[in-house]
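Residue numbers (our numbering), protein chains in the order written: chain A, 1009 to 1204; chain B, 1009 to 1204. For reference, the structure discussed in these notes is given below.
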């Protein structure tokens, strides 16, 4: 991986080819989801030979994950509204919105795919851990503000919030209802309140 | 499906063959998980020809789902301890225990598999809905007892409880820690308590 990165830097043409292949892959994902992405189609768009793609990435699966990695580094933002309830609502709203797009759905499907290739499994897990750790900052901020107890597990709170969203989309193949983000944030914050 | 059931009843040999193929499939799942199940191996154990299996089930994927369906009908129990917190802990404990066995893991993987076959997708969704509706009875009981507000959404509470368990196992490929069931039940019941 490190060697590949070095090679990329010293070789301008190689970097351009990589960029072009990754962009073509993401373009196809955006347009039609995972099934749209074939190595032949990516090669044709990027203006390279299929064999170059296989030589560099090894498989369609690894190419897809590499494209997703590229994307993940780009767009991680952490809300900081001053209220944990509000931050959780923002996170859930953004996630629901993203997963309702072809690209967002494809990313979630790819990252949850039961991969045969252990290298791919490792990359999937690493991306999830990064994302969870990033989102968990809203809980850490709340602990620092004194809004949540010191012993709150930030990662666990984020998992409670995001797991049901992935469950609905990936496992139940359901549309996400518009009030789900607020409902989730409320459930995570308040639990089951005793009846008045 | 109905026609197949009728045929099964009037034809003793056919029923025995089905039973034997399903049992062989479940046996292989118990021993080594999904990868262990090949149509050739199932046929050999059940003492039938591979072609008979393909004729009846059409594909390995459908055979696997049919075996799971058979199993699902058998073991759905609903706790009724008189306390929602306790019932949720029992449900989560049972699920975590089951998903830590080769069979339980295989069932969860199969039911979450991104199937290409729309008939399989439909069967997966149906099994999940049945399971959620069954577990949701503990919340309905709590509403009836006056322990949870009338406007509590039973299905949503169950999803909050079980989605993170599936997420940990299927997406993050993690071991489930022993205190997870109690931690989940507490989080679902109490939310994020303000610091004292």
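Each residue gets a CB set at the ideal place from its N, CA and C atoms; glycine is no exception.
Per DSSP, residue 1091 of chain A lies in no alpha helix (DSSP H) segment and is marked neither H nor E. Taking 8 Å as the cut-off, the Cβ atoms of residue 1132 of chain B and residue 1123 of chain B count as close.
Contacts between residue 1065 of chain B and chain A, judged by CB atoms closer than 7 Å, are missing: the closest CB pair is about 21 Å apart. Cα atoms of residue 1052 of chain B and residue 1027 of chain B: separation of roughly 14 Å, rounded to the nearest angstrom. Leaving aside the five residues that flank residue 1047 of chain A on each side, the residues in its chain whose CB is nearer than 6 Å to its CB run, in chain order, 1058, 1061, 1068. Nearest neighbour of residue 1090 of chain A by Cα position, chosen from A/1104, A/1154, A/1118, turns out to be A/1154. In the same chain as residue 1075 of chain A, and ignoring 5 residues on each side of it, the C-beta atoms closer than 6 Å to its own belong to 1030, 1033, 1034, in chain order. Residues of the region 1151–1171 of chain B with a C-beta atom less than 9 Å from some C-beta of chain A are 1151, 1154, 1155, 1156, 1157, 1158, 1160, 1161, 1164, 1165, 1167, 1168, 1170, 1171, listed in chain order. For residue 1105 of chain A, no chain B residue has a C-beta closer than 8 Å to its own C-beta; the minimum C-beta separation is roughly 19 Å. DSSP places residue 1136 of chain A inside the alpha helix (DSSP H), whose first and last residues are 1126–1143.
Rounded to whole angstroms, the separation of the alpha carbons of residue 1166 of chain B and residue 1141 of chain B is 9 Å. In the structure shown, residue 1155 of chain B falls within a coil segment according to DSSP collapsed to helix, strand and coil.
Between the alpha carbons of residue 1087 of chain A and residue 1020 of chain A lies a gap of roughly 37 Å. Spatial neighbours of residue 1189 of chain B in its own chain (CB-CB distance under 6 Å, excluding positions within 5 residues in sequence) are listed in chain order as 1097, 1100, 1101, 1104. Shown here, residue 1068 of chain A sits in a helix according to DSSP, grouped into three states. Taking a contact as a CB-CB distance under 8 Å, the pair residue 1040 of chain B and residue 1126 of chain B does not count as one, their CB atoms being some 29 Å apart.
DSSP places residue 1032 of chain B within a helical segment (H, G or I) once states are collapsed to three. Closer than 8 Å to the CB of residue 1032 of chain B there is not a single CB belonging to chain A. Distances from the CA of residue 1196 of chain B to each of B/1094, B/1073, B/1176, B/1117 were compared; the closest alpha carbon is that of B/1094. By the C-beta density criterion, residue 1150 of chain B is buried, having at least 16 other C-beta atoms within 10 angstroms.
With fewer than 16 other Cβ atoms inside 10 Å of its own Cβ, residue 1023 of chain A counts as exposed.
Residue 1195 of chain B carries a helical assignment under DSSP once its states are collapsed to helix, strand and coil. By the criterion of a C-beta distance shorter than 8 Å, residue 1042 of chain A is surrounded in its chain by 1072, 1114, 1117, 1118, once the five residues flanking it on both sides are discounted. A Cβ-Cβ distance of about 6 Å is found for the pair residue 1169 of chain A and residue 1192 of chain A, placing them in contact under the 8 Å criterion. In the assembly as shown, residue 1172 of chain A is a buried residue. Its beta-carbon has 16 or more other beta-carbons within 10 Å. Here residue 1186 of chain B is not near residue 1156 of chain A, since their CB atoms are 8 Å or more apart. Under the three-state reduction of DSSP output, residue 1049 of chain B falls in the helix class. Residue 1142 of chain B is outside the set of residues whose beta carbon lies under 8 Å from a beta carbon in chain A. In the assembly as shown, residue 1199 of chain A is a buried residue. Its beta-carbon has 16 or more other beta-carbons within 10 Å. Secondary structure of residue 1112 of chain A (DSSP, three-state): helix.
Taking C-alpha positions only, residue 1055 of chain B is separated from residue 1036 of chain A by approximately 47 Å. Within the region 1124–1149 of chain B, those residues whose Cβ lies closer than 7 Å to any Cβ of chain A are, in chain order, 1129, 1133, 1136. Annotation for residue 1038 of chain A: 1110, 1111 place their beta carbon closer than 7 Å to its own, counting only its chain and skipping 5 residues before and after. Annotation for residue 1177 of chain A: 1107 place their beta carbon closer than 6 Å to its own, counting only its chain and skipping 5 residues before and after. For residue 1120 of chain B, the number of other beta carbons within 10 angstroms of its own is at least 16, and it is reported as buried.
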